[in-house]
Amino acid sequence: MIQLLKNNYGHLFEDALLDEINQVGTFKEIPEGFTLIEIGQYIRSMPLLVEGAIKILRDDDDGDELLLYFLESGDTCAMTLSCCLGDKKSEIRAIAELDTKLIMVPIQKMEEWTGKYKSWRNFVFQSYHNRLMEMLETIDSIAFLKMDKRLLKYLKDKAAITKDHIIKSTHQEIAYELHTSRVVISRLLKKLENQGIIHLNRNFIKLNSSI
Numbered sequence: 263m264i265q266l267l268k269n270n271y272g273h274l275f276e277d278a279l280l281d282e283i284n285q286v287g288t289f290k291e292i293p294e295g296f297t298l299i300e301i302g303q304y305i306r307s308m309p310l311l312v313e314g315a316i317k318i319l320r321d322d323d324d325g326d327e328l329l330l331y332f333l334e335s336g337d338t339c340a341m342t343l344s345c346c347l348g349d350k351k352s353e354i355r356a357i358a359e360l361d362t363k364l365i366m367v368p369i370q371k372m373e374e375w376t377g378k379y380k381s382w383r384n385f386v387f388q389s390y391h392n393r394l395m396e397m398l399e400t401i402d403s404i405a406f407l408k409m410d411k412r413l414l415k416y417l418k419d420k421a422a423i424t425k426d427h428i429i430k431s432t433h434q435e436i437a438y439e440l441h442t443s444r445v446v447i448s449r450l451l452k453k454l455e456n457q458g459i460i461h462l463n464r465n466f467i468k469l470n471s472s473i
């Protein structure tokens, strides 16, 4: 586990902190589609991603989902940090977008390390900043972009996260994450295909590599 830590966090943390994470952290492998954190759940540890990707979603009062942002290797989730520090129930759902490897760190260590290691304190503040910027981008997308532009941005983000122009999400899954209907998504995907931006297949969507 120590080598995974050094590969992903060695440029951020000093050796002493890496050693402590190695001692108290729990290594986990999460399969694609697995729900790591559920809304309403108390969080007892925070994730440090070393491989893969996790999508963070939020529900409305009707149970419809909205994609907030993705986490990649070297990231942690600011919403998780807030819940850990305040001993509050989670307000987000975290689902593995890809097969993912992560290290779960006990919440008891968070406050201790904040006072003990400047690098950890900087990491926490930077994580809050990064996630805030991503949520603002999501809000801007909802407020200012038409649904066809939001859909194309979503497809590009997916391709960037998976490093693959083949997107295996169903029309219904995309509709859930963009908080709209499957009919609307299917219509807009067909429009994008007619424009030569994507190619629709029964089991996947292929984004034009030149986009």
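Under my numbering, read the sequence shown as residues 263 to 473, first letter to last.
Quick reminder that beta carbons are idealized off the backbone N, C-alpha and C, glycines included.
Check                                                                                                                                 : Outcome
Which residue marks the beginning of the beta strand (DSSP E) containing I318, and which one marks its end?                           : A315 to D321
Smallest Cα separation from E399: which of T297, S389, L279 and R412?                                                                 : R412
From the DSSP output, which residues share a beta bridge with V367?                                                                   : M308
Where are the alpha helix (DSSP H) runs, 4 residues long or more, that stay fully inside the stretch 354–433, in chain order?         : 370–378, 380–406 and 409–424
Do L274 and F385 count as a contact pair if the criterion is CB distance below 8 Å?                                                   : yes
Find out if the Cβ-Cβ distance for the pair R364, K430 is shorter than 8 Å.                                                           : Arg is not the amino acid found at residue 364; the sequence shown has Leu there. Contact flag unset, no.
Looking at I460 and L417, is the spacing between their C-beta atoms short of 8 Å?                                                     : yes
Where R383 and Y390 are concerned, what is the direct C-alpha to C-alpha distance, given to the nearest angstrom?                     : 11 Å
Have a look at I292 and L298 and give me their C-alpha separation to the nearest angstrom.                                            : 8 Å
Can you name the residues that DSSP bridges to F289?                                                                                  : I365
Indicate the three-state DSSP secondary structure (helix, strand or coil) for I467 in the structure shown.                            : strand
Could you pull the start and end residues of the beta strand (DSSP E) that E294 belongs to?                                           : From DSSP, E294 is part of no beta strand (DSSP E); its letter is neither H nor E.
Taking the beta carbon of T338 as the centre, do at least 16 other beta carbons fall within 10 Å, making it buried, or is it exposed? : buried
Over the uninterrupted beta strand (DSSP E) stretch that includes E479, give me the two end residues.                                 : There is simply no residue 479 to check, as the chain begins at 263 and stops at 473 in what is shown.
One question on the structure: do L319 and T362 come within less than 8 Å of each other, judged by their Cβ atoms?                    : no
Have a look at L450 and Y271 and give me their C-alpha separation to the nearest angstrom.                                            : 40 Å
When burial is assigned at 16 or more other CB atoms within 10 Å of the CB, is E404 buried or exposed?                                : Here residue 404 turns out to be Ile, not Glu, going by the sequence shown. Result: exposed.
Got a sec, what are the start and stop residues for the beta strand (DSSP E) I460 sits in?                                            : I460 to L462
Please name the residue, chosen from Q434, N392, L440 and K380, that lies closest to K408 on a Cα-to-Cα basis.                        : L440
Can you check which of these residues, E313, A437, Q388 and E353, is closest to D410 by C-alpha distance?                             : A437
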